[in-house]
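Residue numbers (this note's numbering): 1 to 447.
Even glycine gets a Cβ: it sits at the ideal position worked out from N, Cα and C.
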């Protein structure tokens with residue numbers, strides 16, 4: 001945020017403190033007229049001043065990297081201003097101040113709201129773990145993935161750009177949690193701000209990767225987190241680690257691959273009904289959540305399963321009108337109800353738990369039914385792929401991709417575009433009770 005004021009004073013740097021945040025104001029100006037005598041009060045001529053005030057919010061906890069950067073930029077700006085004024089280069093100053101203000105306002109747009117984010121789940125939030133799995137075919141480390149990412153290169157995200165994990169980290173003022181498998185055992189400092197355990201193809205059950213070669217199921221992800229928990233205890237001590245983790249976010253986006261597995265397996269369908277299968281999913285998840293709780297997790301963010309039957313890979317199974325697959329949608333709805341039930345149960349038995357549940361199904365259904373409201377023109381076909389609805393061949397280097405990714409809901413046959421992910425996270429963070437229950441993430445971080 002950049003604001004212009006007129007003040008009668010020499011340049012100064014002020015810190016204005018509130019209960020949880022601080023604002024760093026770097027104030028500077030120059031006078032184009034002759035110097036006034038000391039202590040002489042004269043009427044201020046607004047036309048004679050050029051003033052820029054830079055406001056940058058950051059966490060009012062221990063000295064953060066943002067605090068340090070603000071101090072450095074403030075000092076640098078002061079020195080450059082002094083040099084420019086001594087040289088008499090008045091035309092340089094206004095443009096310099098505006099540029100300086102823009103740099104700081106963009107650098108520190110979001111305050112750090114939590115100490116860390118730990119991400120568990122599947123390809124919707126995988127930021128590169130599968131890159132390190134030697135026999136997995138569930139990878140996105142090749143074009144055209146990442147075409148809209150800041151580096152314009154594939155990163156292992158199943159997206160044209162950023163995914164939900166990136167956007168949520170931005171919302172709470174943190175860098176994206178790095179893939180667990182990318183972190184060297186000798187350099188675990190990144191554990192302090194979170195880690196991503198998510199893996200493309202992962203499910204609540206082991207074995208959802210049977211056709212993919214290799215993935216990291218949720219049980220293994222929780223096991224990896226328990227190793228991180230031990231590392232944090234060594235680094236911070238038990239009470240220090242628990243205090244930090246109690247304020248951190250634990251994000252869980254899982255379950256879609258389990259339903260895909262059931263839908264495509266006649267053996268699983270013979271063993272159990274859809275309801276029995278979903279009940280088993282929920283019960284297994286409950287046990288894993290208790291393990292996380294035992295290892296310090298207190299604040300959870302859950303994303304329900306979206307309308308799976310409406311993604312391109314499922315629509316092409318309907319050979320008549322490419323309508324949604326209602327069987328998959330029904331299983332998603334059933335699972336979401338079961339998930340909500342166990343969350344309320346856990347809240348009643350584990351009082352220290354707080355959570356935000358996001359109704360992915362409701363918002364995605366609304367987007368598909370009312371695409372123009374969200375700026376979309378294509379809700380059925382994937383942007384990248386080949387064949388019917390670009391969903392018969394995955395988004396491989398040989399595939400074609402749409403020129404405007406912003407008007408497509410889906411990037412490939414399974415995953416949303418960066419634009420869709422951004423809309424979903426906006427709702428997760430700020431959403432009303434229509435989509436978030438019992439609170440949104442903005443409220444959760446203050447609990």
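| query | result |
| --- | --- |
| Residues near residue 445 by beta carbon distance below 6 Å, same chain, minus five either side | 113, 114 |
| With 16 other Cβ atoms within 10 Å as the buried cut-off, status of residue 34 | Residue placement at residue 34 is flagged as unreliable, the pLDDT there being 42, under the threshold of 50; a coordinate-derived value is accordingly withheld. |
| Cβ contact check for the stretch 239-252 and the stretch 400-409: 3 or more pairs under 8 Å | no |
| For residue 436, the residue or residues it bridges with in DSSP | 358 |
| Integer-rounded CB distance, given that residue 447 should sit under 8 Å from residue 253 | With 8 Å as the limit, residue 253 and residue 447 do not qualify as a contact, their Cβ atoms being about 21 Å apart. |
| Status (buried if at least 16 other CB within 10 Å, exposed otherwise) for residue 360 | buried |
| Collapsed DSSP secondary structure at residue 62 in the structure displayed | Bear in mind that the predicted position of residue 62 carries a pLDDT of just 35, short of 50, making it unreliable; the figure below should be weighed with that in mind. Note: residue 62 maps to coil in three-state DSSP. |
| Alpha-carbon spacing of residue 299 relative to residue 350, whole angstroms | 12 Å |
| Extent of the continuous beta strand (DSSP E) to which residue 338 belongs | Where residue 338 is concerned, there is no enclosing beta strand (DSSP E), although the alpha helix (DSSP H) it sits in stretches over 326-349. |
| Residue 59 versus residue 185 - alpha carbon distance | A caution first: residue 59 carries a pLDDT of 36, below 50, which makes its placement in the model too unreliable to give a value. |
| Proximal residues to residue 338 (C-beta, below 8 Å), its chain only, five neighbours per side dropped | 278, 279, 281, 282 |
| Given residue 292 as reference, the closest of 197, 157, 415, 417 once Cα atoms are compared | 197 |
| Nearest candidate by alpha-carbon position, reference residue 137, set 431, 394, 430 | 394 |
| Span separating the alpha-carbon of residue 221 from that of residue 297 | 14 Å |
| Spatial distance of residue 306 from residue 329 (CA atoms) | 8 Å |
| Residue burial classification, residue 217 (beta-carbon count within 10 angstroms, cutoff 16) | buried |
| Residue 342 to residue 348 span [Cα, whole Å] | 10 Å |
| Cβ neighbour criterion (16 or more within 10 Å) applied to residue 44 | Reliability of the predicted coordinates at residue 44 is poor, the pLDDT of 42 falling under 50, and no value is obtained from them. |
| For residue 249, the residue or residues it bridges with in DSSP | 117, 299 |
| With 16 other Cβ atoms within 10 Å as the buried cut-off, status of residue 416 | buried |
| Straight-line Cα distance separating residue 357 from residue 272 | 27 Å |
| Residue environment, residue 240, which counts as buried when at least 16 other CB atoms sit within 10 Å | exposed |
| Delimiting residues of the alpha helix (DSSP H) encompassing residue 196 | Unbroken run through residue 196 is the beta strand (DSSP E), 194-196; no alpha helix (DSSP H). |
| Residue 456 - DSSP class collapsed to helix/strand/coil | In the structure as shown, the chain starts at 1 and stops at 447, and residue 456 therefore has no counterpart that could be examined. |
| The beta strand (DSSP E) enclosing residue 410, as first and last residue numbers | 408-410 |
| Check whether residue 148 and residue 161 have beta carbons under 9 Å apart | yes |
| Cβ shell of residue 314 (< 8 Å), same chain only, five flanking positions each side left out | 308, 324, 325, 328 |
| Backbone CA spacing between residue 242 and residue 163 [nearest angstrom] | 29 Å |
| Backbone CA spacing between residue 397 and residue 143 [nearest angstrom] | 5 Å |
| Buried or exposed (CB count within 10 angstroms, at least 16 for buried), residue 195 | buried |
| heavy atom of the ligand SAM below 8 Å from residue 418 C-beta | No copy of the ligand SAM occurs in the structure displayed, which carries no ligand at all. |
| Per-residue burial, residue 135 [other beta carbons within 10 Å of its own, 16 or more giving buried] | exposed |
| Beta-carbon proximity check, residue 448 vs residue 190, cutoff 9 Å | In the structure displayed, the chain extends from 1 to 447; residue 448 sits before or after that span and is not available. |
| Bridge partner(s) assigned by DSSP for residue 382 | 410 |
| Residue from 284, 344, 426, 382 with nearest C-alpha to residue 363 | 426 |
| Beta-carbon contacts of residue 437 that lie in its chain and below 8 Å, excluding the five residues immediately before and after | 340, 356, 357, 359 |
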